[in-house]
Structure formats: C-alpha cells, structure tokens
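K.L.:
Pasting in a structure now, in structure tokens, and then I'll have a few things to ask.
Now the structure itself:
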C-alpha cells in the first residue's frame, strides 16, 4: 500500500519545494503553509547573507538549505549568531554519482547488495555536481535545526572550514576529508582520523570498491545458490567423499555403506 | 548567549593539537605519555597521546579509529532490514536505542507509522537501554576514582535490566528487534509485572549509588570542579545528551525535538546541573536513571493494545528522498541522515553518533588538568568506542 502512495506524495513535495505551486490539482495542498520556524530561519539568513541561498526544501520537517560555495565560510558565523544555532550536529559529504556494481554489471556476482539506479540524481535542494558537503546545526535555545548543503567541485573539492566557528567541526572535517577527499580551507591540521596515515583513496566515494566483497564472495550468496540443487549436489558429493580416503576406509570400516560400494568397484 | 565563546583560545588549542603529533620532537621538560589503546576507562580501544609538563597536561590528542568498521560504507551494500543488524553494534551498551532512529527514518521515507503499541514498547525498551547503560556507569564511575566495589553493584543491577531486554527481544546486547513498521514480536506473558518489580529495584539501586558514590567524600574531591565544560563550548563541539545537560543547557530531544515514539505523551522532567564538571555529569545521569524508571512505569500503566506491526510490503523498497532523524540516545544525540534512491537499500547513510562529538572536546578539555584527573574526566564523559569509531 505505501508503495502505491509514496510516489504521488513525493511528486507533490517536489512541486511544493520549487515554490511554483501550480493549483491545477487539489493534491499539493498540505504544503502551502510552511513551518513558521523555517520562514523565520530563512528570513534571518536572507538578512545576514543575501544571495547565499540557492535553493531550499522541507524534507519531513527538516529545513534543507543549499548555499553557494563562497558563502559557506561566513555561513558558519551567521548560523551561530544570527540563527542562534549553537550546536553542531555533524559535517559530512555526499557522493551523488551512481555506484558501479561490484565486479561489473554482467559479472552476476553480488546479487545480495541492493541495486541502485545507474543515472545520477540529486536529493533535496538539488546539487550542481557529484560532491556535496552538508552539515546540520541546531539551536539549544530555540529548538530548531537546519541542514546546510554546499556544492563542491568534482575534480578539486574544496570548501571553507567551519573550525574557527564550530571547533567541533575539526574531527568531522578530518573524517570528510579522508573519506571523500574534500579539502577544507582553513582547517588547522587536515590529517587522517580513522584510517592509517598514508592511506590511498577515499573510501566513501562511490567508485571506491568494498574490498571485502571483491576478494571473497558474499557468504549469503553461497548459501542461496546451493539451496535449490541440494539433492543432486549431495549425490555427487557422496561417492567422492570415500574415494579420497579410499585405501584406509575400505579396510578399516567395511560395515559402512560407502566402504562396501568402494570394495565392489575394485 | 552564543556570542560569548573564546575563539582565540580555541584556535590556539587547535594549533597545540597540530603540534601534538605522535612523533613530535620533545621540548626539554615536556614528556609524552601514551595512554591506551587499552585502558579500563576507555570502553574499547582509545589512545590518548598527552604531552605533559610535570603532572599537568599541556596538550592531548586522542587517536581513534582502532575499531573503525566502516558502517557508513557497509550500509550502502545492505538492504534496509539488514542495516539494523549493523547499527546495533555502534553503541553496544544500548543497541536497541541505536536501531530506533534508523528505523524511524526509513518509516518516515516510506510514510508508514508503527502502531501505538509498537511505539510504546519501543519507548520502553529505549528507556530500559538507557537504564542499563547508566546503571553500569553509576557503578563504574566509582571504579575510575579507585573505588572498586560500586562497579560490581553496577554490573549486578544492570543484569536485571538486561534480563528484561532479553526476555522481550531474545538478545541481551544486540536485540535487532525493530522492524520497519513495528517490532518483531509482542511482549511475552508476565513481562510487564516483572518489569514493574525490576524498576522498583532500580530505584533502590539509584539510592544506593547516591549514598555510596555520590555521597562519598573522596569521590566528591576527585570530581567536583574537575573537567568543567561551559555550556556554549560544549554545544559548539557537539557535546550532547547528559554531558551537555550537566553544563546547564536545558535541552533534551525527547522533549524539545520533533516528536518521536511515545515521548510527547509522557510526563517527565529534564534534569540539568549548572556546574558542568565531572560530578554534575554523574549527578545528571543518576537523576535521569530515576526519571527513566518513572517513564517506564508510566508507559507500562498506559500500554495501548493492538498490533505491533504495521502493514508493510514483504520486500522493503524505500521511495526516493532523504530524511534526517536525530533522537536522544543514552550517550547523547544520535542521528541518521538516510538518502534513498528508491532501492531496497539506502544510497547513503550519514551516522551521527553521540560519543564521536562528545570525545572531540577532549583536546580542549584536558588542557591544563592533572594526569589522574584525565581518567575521571574520560569516565565522566561516558563514551563507547564503537560509538566513536562506527
């Protein structure tokens, strides 16, 4: 039932997010009155940083604002003072490019991992390219929160650091740098956090393979494939088993059925 | 209020941090002490490289990642029901509470809601996770200042709660009991009355810890005024949960966040303490344990009848979209930013774990403290390494 309903709901939401509000159908009615806290946040942001906001969206009550790359640095200060968001929840990144299937499309290999769409699509508030940095801040006094997104360059991902304003961004940005390869301008010491120093590659990029799946087949897969052919597989296995230890088996345990057949063959 | 923080001080701390690399050349008089990776105060493998001047810490650099399991990557290779098994293991002391926000995010995207009974049972089990986590802390914090006995009481009393969790879910530590749309099962027969008994025991247990640990003069000397986190600095570092409330910030997502589970219907008090030191973190957790017991009793009294599972398709496909769900877990705020592309598994999951941010304040917090206090501060922040390393 949810499968039938949700695509419509999603469309309705996208239409409302673009704020074009075509009133030809009664469908997108619940959206027209946005959360007053979102209106307040957007107004404050507009006052402090005009031209920073590219797009904004309401995803299930959470305000997502996409800003320009140049405004990301000053945005931190504005968020902390003007928006009163004194609490830093996280800073991270998204790689929107589609993941190559493990072992190639026709390898048939890992059927257990979910198949994602092969074309690049972007989430709420859109994106200009493959990489986006996003962060969430909250207000301990006003009890509101905002998710900010910023586009970064595909080849040279770079964005201003938030450490001068939110010191807690230090570890988050180090993690984002090692996992996605996004550099943070102004970070005091951008070095590995989780991974050993000198690690090559950026593991959370979509083109970084999950090595465990490449070197060893997914155990679940082995079980699934063996199941339908179980009777024939066991028939084949039975004669092979004694023949491996033919000499000793025949002499020592003649009472065993396997041993008898072996003896008969000789 | 948020305009007060001393950025210059923090920035200089950052510069110190950059210096405190492991192979730094030693200044005369300074000494580098390697604390860990194995240390009883660390709940896993956390290494602290501290530079000392005599007994004073000049700079501290936590080295994490010994337990990094790459869950954010792994979620991209799993279906939604499989992900709950993984995220169980993030904060292993309160596994059930880890599952809730993720399942909630998936339900939000699918626009299904778990039935009221499932919501109530989820709330009960989340609060039981909180009690079991905190009861252990209340005992173990004594251990860190040299009192061995309370730790055993902590383990003993926690066992009763774990038995309850096991009785309901079948697993002591990793229940994997949440399903998208509800719960795997209803509560077993007799569980409610047994839970009421255990909750009364937990109140006694809290009283005991209050007498034994919080009233102990040595404990007070070791924790009062030690490791003070001012509220606004804690918030800027992302320190959350009881640690932030112990710094006087009156903020609890159960009350102040977007409504989730049965919390809007519950009557409970959010405890804060103005001091922000190690003792207030202990005290706040003590009060929160009692508050959780009251919440569980309230929930048991008003447990709604009905099914525990909503109607969801057999193969879970989450429609395209993204959802951010952050909730109040025992160790602090835990959130999942789930991005779906309409497949059977998530496209990207950003896991915001509480301990990661709670511990990131250590370089700031440990500057200038004495070596023996490092251990009490670590213990009072109460983190789980799995929750830092994910």
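Chains as they are written, first to last, in the numbering used here: chain D, -15 to 250; chain E, 4 to 393.
All C-beta atoms, glycine included, are put in the ideal place defined by N, C-alpha and C.
1) If you measure between the beta carbons of residue 230/E and residue 383/E, is that distance less than 8 Å?
2) Indicate whether residue 80/E and residue 97/D have their beta-carbon atoms separated by less than 8 Å.
3) Are there 16 or more other CB atoms within 10 angstroms of the CB of residue 181/E, so buried, or fewer, so exposed?
4) Spell out the partners DSSP gives residue 340/E in its beta bridges.
5) When DSSP builds the beta bridges, which residues end up paired with residue 304/E?
6) Within the 8 Å Cβ cut-off, does residue 155/D reach chain E?
7) Count Cβ pairs between the stretch 168 to 188 of chain E and the stretch 281 to 293 of chain E that sit closer than 8 Å; are there 3 or more?
8) Check whether the Cβ of residue 233/D lies closer than 8 Å to any Cβ atom in chain E.
9) Just to make sure I have the definition right: I need the residues of chain E whose C-beta is within less than 8 Å of the C-beta of residue 20/D. Which are they?
10) Output the boundary residues of the alpha helix (DSSP H) element that contains residue 129/D.
11) Can you pull the DSSP bridge partners for residue 335/E?
12) Would you say the stretch 316 to 328 of chain E touches the stretch 226 to 240 of chain E, given that touching needs at least three Cβ pairs under 8 Å?
13) For a contact defined as C-beta to C-beta under 7 Å, what are the partners of residue 238/E on chain D?
14) Please confirm if residue 52/D has its CB atom under 8 Å from at least one CB of chain E.
15) Alpha carbon to alpha carbon, how far is residue 155/D from residue 366/E?
16) For residue 86/E, count the other beta carbons within 10 Å of its own beta carbon; 16 or more makes it buried, fewer makes it exposed. Which is it?
17) For residue 226/E, would you say it is in contact with chain D, using Cβ-to-Cβ distances shorter than 8 Å as the test?
18) Determine whether the beta carbon atoms of residue 117/D and residue 71/D lie at a separation below 8 Å.
19) Between which two residues does the beta strand (DSSP E) containing residue 65/E stretch?
20) Would you call the stretch 119 to 135 of chain E and the stretch 344 to 362 of chain E in contact, with 3 or more CB pairs under 8 Å?
21) Could you pull out every residue in the same chain whose Cβ sits closer than 7 Å to the Cβ of residue 58/E, ignoring the five residues on either side in sequence?
22) So the alpha helix (DSSP H) residue 199/E belongs to, where does it begin and stop?
23) Can the beta-carbon of residue 327/E be found closer than 8 Å to that of residue 135/D?
24) Do the CB positions of residue 138/E and residue 161/E come within less than 8 Å of each other?
25) Name, please, each residue of chain D whose Cβ falls closer than 7 Å to the Cβ of residue 82/E.
26) Across which residues does DSSP place residue 178/D in a beta bridge pair?
27) For residue 163/E and residue 389/E, I'd like the C-alpha separation in whole angstroms.
28) Could you pull the start and end residues of the alpha helix (DSSP H) that residue 34/E belongs to?
29) Quick one, are the C-beta atoms of residue 146/D and residue 112/D less than 8 Å apart?
30) In terms of DSSP beta bridges, what is residue 62/D paired with?
31) Of the residues 192/E, 299/E, 257/E and 147/E, which one's Cα is nearest the Cα of residue 201/E?
32) Inspect the CB distances between the stretch 339 to 350 of chain E and the stretch 274 to 281 of chain E and report whether three or more fall short of 8 Å.
33) Using a C-beta cutoff of 8 Å, does residue 9/E count as contacting chain D?
34) Taking all protein chains shown into account, do 16 or more other C-beta atoms lie within 10 angstroms of the C-beta of residue 64/E, making it buried, or fewer, making it exposed?
35) Between residue 273/E and chain D, is any beta-carbon pair separated by less than 8 Å?
36) Checking 8 Å against the spacing of the C-beta atoms, do residue 79/D and residue 183/D come in under that value?
P.N.:
On the basis of the supplied data:
1) Taking the second chain and counting its residues from 1, the one referred to as residue 230/E is at position 227. Taking the second chain and counting its residues from 1, the one referred to as residue 383/E is at position 380. In this structure, residue 383/E lies closer than 8 Å to residue 230/E by Cβ.
2) By one-based count along the second chain, residue 80/E stands at place 77. By one-based count along the first chain, residue 97/D stands at place 113. The answer is yes: Cβ separation under 8 Å.
3) Position 178 of the second chain holds residue 181/E. Buried, because 16 or more other Cβ atoms sit within 10 Å of the Cβ of residue 181/E.
4) For the purposes of this step, residue 340/E is taken as residue 337 along the second chain, with counting starting at 1. Bridge partners of residue 340/E: 327/E and 353/E.
5) Here residue 304/E refers to the residue found at position 301 when the second chain is read from its first residue. For residue 304/E, which the question treats as bridged, DSSP gives no partner whatsoever.
6) Numbered from its first residue, the first chain carries residue 155/D at position 171. Yes - at least one Cβ of chain E is within 8 Å of the one on residue 155/D.
7) no
8) Sequence index remark: in the first chain, residue 233/D carries index 249 (1-based). Bear in mind that a pLDDT of 41 at residue 233/D, under 50, signals an unreliable position, so the model cannot answer this.
9) By one-based count along the first chain, residue 20/D stands at place 36. Simply none; closest approach about 15 Å.
10) For the purposes of this step, residue 129/D is taken as residue 145 along the first chain, with counting starting at 1. Where residue 129/D is concerned, there is no enclosing alpha helix (DSSP H), although the beta strand (DSSP E) it sits in stretches over 129 to 136.
11) For the purposes of this step, residue 335/E is identified with residue 332 of the second chain, where counting begins at 1. Residue 335/E pairs with 332/E.
12) no
13) Position 235 of the second chain, counting from 1, holds the residue named residue 238/E. Simply 70, 71 and 124.
14) For this step, residue 52/D is matched to residue 68 along the first chain. By this cut-off, residue 52/D is not an interface position.
15) Within the first chain, the letter at position 171 stands for residue 155/D. Within the second chain, the letter at position 363 stands for residue 366/E. Each residue's Cα considered, the two are about 11 Å apart.
16) Within the second chain, residue 86/E is the residue found at index 83, counting from 1. Buried, since its Cβ has 16 or more Cβ neighbours within 10 Å.
17) Against the second chain, residue 226/E aligns to sequence position 223. Not one chain D Cβ lies under 8 Å of residue 226/E.
18) Reading the first chain from its first residue, position 133 is the one you call residue 117/D. Reading the first chain from its first residue, position 87 is the one you call residue 71/D. Not in contact: residue 117/D and residue 71/D (Cβ atoms no closer than 8 Å).
19) Residue 65/E sits at position 62 when you count from the first residue of the second chain. 59 to 66 is the span of the beta strand (DSSP E), which, as asked, contains residue 65/E.
20) no
21) To locate residue 58/E, count along the second chain from 1; it is residue 55. Within the same chain, residue 58/E has close Cβ partners 373 and 374.
22) Numbered from its first residue, the second chain carries residue 199/E at position 196. Taken as a continuous stretch (DSSP letters only), the alpha helix (DSSP H) holding residue 199/E covers 194 to 212.
23) Here residue 327/E is taken as the residue at index 324 of the second chain, counted from 1. Here residue 135/D is taken as the residue at index 151 of the first chain, counted from 1. Their beta carbons are not under 8 Å apart, which means residue 327/E does not touch residue 135/D by this criterion.
24) By 1-based counting over the second chain, the position of residue 138/E is 135. By 1-based counting over the second chain, the position of residue 161/E is 158. Contact: yes.
25) Locating residue 82/E in the second chain gives position 79, counting from the first residue. Here the neighbours are 98.
26) One-based indexing of the first chain puts residue 178/D at position 194. Paired residue(s): none; residue 178/D is not in a bridge.
27) One-based indexing of the second chain puts residue 163/E at position 160. One-based indexing of the second chain puts residue 389/E at position 386. Going by the C-alpha atoms only, they are around 24 Å apart.
28) Your numbering for residue 34/E matches position 31 in the second chain. From DSSP, residue 34/E is part of no alpha helix (DSSP H) but of the beta strand (DSSP E) over 33 to 38.
29) Counting from one through the first chain, the residue named residue 146/D turns up at place 162. Counting from one through the first chain, the residue named residue 112/D turns up at place 128. In this structure, residue 112/D does not lie closer than 8 Å to residue 146/D by Cβ.
30) Your numbering for residue 62/D matches position 78 in the first chain. None, per the DSSP bridge assignment.
31) The residue you call residue 201/E lines up with position 198 of the second chain. Nearest C-alpha to residue 201/E: 299/E.
32) no
33) Along the second chain, one-based indexing puts residue 9/E at 6. False, the Cβ-Cβ gap to chain D never drops below 8 Å.
34) If you number the second chain from 1, residue 64/E lands on position 61. With 16 or more Cβ atoms within 10 Å of its Cβ, residue 64/E is classed as buried.
35) Looking up residue 273/E in the second chain gives position 270. No, residue 273/E does not count as interfacial toward chain D.
36) For the purposes of this step, residue 79/D is taken as residue 95 along the first chain, with counting starting at 1. For the purposes of this step, residue 183/D is taken as residue 199 along the first chain, with counting starting at 1. No; because the gap between Cβ atoms is not below 8 Å, this pair is not in contact.
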